[in-house]
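Participant: Following this message is one structure expressed as structure tokens.
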Amino acid sequence: MELRQIKYFVAVAKTLNFSEAAKELFITQGTLSQQIKQLEDEIGSPLFDRTSHSVTLTEAGQEMLPLARHTLETSAECFQRISDLRKGVTGTLNIGLTTSFMGIMNNAMKLYQKAFPAVKLNITYTTASELLRMLQEHEIDMFIAFKPAVLYEEIDSDPIIETELSAIMNAEHPLAGREMLTLKDLKLHRIALPGSGLQARKAFDRFVDVDTSSLNVCVEMNNPNAIIRLVHSTRLIAIMSSLATYIDPALKAIPVAELKRKMIGCVHTLKDHYLKKSATEFIRILKEVV
């Protein structure tokens, strides 16, 4: 049994499609089928049920899949540990984050690339739920997002910053000079909210225990950057994390009395999993920036 064959098996198990798996692996479908057949012959049991319309895992395939994934993870960790010892801070670092942390990330990347120019950064911006899936499937090394309401046993969440939901507006807005606002103050103005499913919106729905039906919500967007650009050039008020001012320093973030509950930004990594040196150095710089 070769490590290459285990890798091929996991790829087919993920896609349940030999053609798609072959494309992902950059090999021909014939080569992939041949290697899977050799693996099945060595094990003495078929791993896939194949028909002209579908591919499914057999009982043996289902039993083998978690073990195969663990074998690949262990092999990759072994390689990474030796690489860190031999080369220092090099290679590729895959980081995910929600858009609330874009401003902090931009500042951290400038310092990191200056300190470690040999590291290539792959950055993914998407939702927290998608980032969690990517981390669990080892598609990213870590991600930056707010601490979730429901914690996961396999995830370490290292706090880096505290923030809160605020009223975000441009500096010319009539309320921009206030030190504190209430929801009653906001009822007289047009409001923009993050779209359903985003962490700031979940926090708003969870934290606000008063009637908000009278708020004049005229815009909902699932793209926080688009909201920030809109607020920058209009009299709209957005209710979102005060971290928006990291992205656009021209905006004002004013606390809202009913929303004064902390949101904790964290670096999320897999527990009991080796974190390569390039990742630990990035976390160190990120904390310095914050």
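Mapping of the sequence shown onto the numbering used here: residues 1084 to 1373, in sequence order. We treat Cβ as the ideally placed atom computed from N, Cα and C, and that holds for glycine. These numbers were taken from a predicted model, which means no experiment stands behind them.
Looking at the structure shown, is methionine 1084 part of a helix, part of a strand, or coil, going by DSSP?
Facilitator: Within the sequence shown, the letter at position 1 stands for residue 1084. Correct three-state label for methionine 1084: coil.
Participant: Start and end of the beta strand (DSSP E) containing lysine 1197?
Facilitator: Here residue 1197 corresponds to residue number 114 of the sequence shown, with the count starting at 1. First-last for lysine 1197: 1185 to 1198, but that is the alpha helix (DSSP H), not the beta strand (DSSP E).
Participant: Can you round the beta-carbon distance between serine 1183 and serine 1324 to whole angstroms, since I take them to be within the 8 Å contact cut?
Facilitator: Your numbering for residue 1183 matches position 100 in the sequence shown. Your numbering for residue 1324 matches position 241 in the sequence shown. With a Cβ gap of about 5 Å, serine 1183 and serine 1324 count as contacting.
Participant: Please tell me whether threonine 1210 and threonine 1181 are closer than 9 Å, where the distance is taken between their beta carbons.
Facilitator: The residue labelled residue 1210 in the question sits at position 127 within the sequence shown. The residue labelled residue 1181 in the question sits at position 98 within the sequence shown. A contact, by the Cβ cut-off of 9 Å.
Participant: By how many angstroms is the C-alpha of threonine 1111 removed from the C-alpha of histidine 1136?
Facilitator: Counting from 1 along the sequence shown, the entry for residue 1136 is found at position 53. Counting from 1 along the sequence shown, the entry for residue 1111 is found at position 28. Their backbone Cα atoms lie some 20 Å apart in a straight line.
Participant: Count the other CB atoms, across all protein chains shown, that sit within 10 Å of the CB of serine 1361; report buried if there are 16 or more and exposed otherwise.
Facilitator: Stepping through the sequence shown from its first residue, residue 1361 is reached at position 278. Answer is buried; the Cβ neighbour count reaches 16.
Participant: Tell me serine 1240's beta-bridge partners as DSSP assigns them.
Facilitator: The residue given as residue 1240 occupies position 157 in the sequence shown. His1351, per the DSSP bridge assignment.
Participant: Let me know the alpha helix (DSSP H) ranges lying completely inside the stretch 1140 to 1181, each 4 residues or longer, listed in chain order.
Facilitator: Taking 4 residues as the shortest admissible run, the stretch 1140 to 1181 contains the following complete alpha helix (DSSP H) segments, listed from N- to C-terminal end: 1142 to 1170.
Participant: When DSSP builds the beta bridges, which residues end up paired with leucine 1324?
Facilitator: For this step, residue 1324 is matched to residue 241 along the sequence shown. A small fix is needed here, since residue 1324 is serine in this sequence, not leucine. Note: serine 1324 sits in a beta bridge opposite Leu1248.
Participant: In angstroms with no decimal places, state the Cα-to-Cα distance between methionine 1147 and alanine 1104.
Facilitator: As a position in the sequence shown, residue 1147 is number 64, starting the count at 1. As a position in the sequence shown, residue 1104 is number 21, starting the count at 1. Roughly 18 Å separates the two Cα atoms.
Participant: For serine 1212 and valine 1172, I'd like the C-alpha separation in whole angstroms.
Facilitator: Within the sequence shown, the letter at position 129 stands for residue 1212. Within the sequence shown, the letter at position 89 stands for residue 1172. Going from the Cα of serine 1212 to the Cα of valine 1172 covers about 29 Å.
Participant: Can you tell me the Cα-Cα spacing of valine 1233 and isoleucine 1243, whole angstroms?
Facilitator: For the purposes of this step, residue 1233 is taken as the residue at position 150 of the sequence shown. For the purposes of this step, residue 1243 is taken as the residue at position 160 of the sequence shown. Distance between the alpha carbons of valine 1233 and isoleucine 1243: 18 Å.
Participant: Would you kindly report the start and end of the unbroken alpha helix (DSSP H) that includes valine 1300?
Facilitator: As a position in the sequence shown, residue 1300 is number 217, starting the count at 1. That residue, valine 1300, is in no alpha helix (DSSP H); its beta strand (DSSP E) goes 1299 to 1304.
Participant: Determine the extent of the alpha helix (DSSP H) in which valine 1202 is found, giving its start and end residues.
Facilitator: Locating residue 1202 in the sequence shown gives position 119, counting from the first residue. First-last for valine 1202: 1202 to 1208, but that is the beta strand (DSSP E), not the alpha helix (DSSP H).
Participant: Taking the straight line between their C-alpha atoms, what separation do you get for glutamate 1142 and tyrosine 1329?
Facilitator: Within the sequence shown, the letter at position 59 stands for residue 1142. Within the sequence shown, the letter at position 246 stands for residue 1329. The alpha-carbon atoms of glutamate 1142 and tyrosine 1329 are separated by roughly 51 Å.
Participant: What do you reckon, are the CB atoms on alanine 1321 and alanine 1250 nearer than 9 Å?
Facilitator: Taking the first residue of the sequence shown as position 1, residue 1321 is located at position 238. Taking the first residue of the sequence shown as position 1, residue 1250 is located at position 167. Result yes, Cβ atoms of alanine 1321 and alanine 1250 sit closer than 9 Å.
Participant: Can you tell which of Glu1160, Glu1222 and Ala1094 has the C-alpha that lies nearest to the C-alpha of phenylalanine 1131?
Facilitator: Position 48 of the sequence shown, counted from the first residue, corresponds to residue 1131. Among Glu1160, Glu1222 and Ala1094, the Cα nearest to that of phenylalanine 1131 belongs to Ala1094.
Participant: Assign alanine 1336 to one of three DSSP states: helix, strand, or coil.
Facilitator: If you number the sequence shown from 1, residue 1336 lands on position 253. Here alanine 1336 sits in strand by DSSP.
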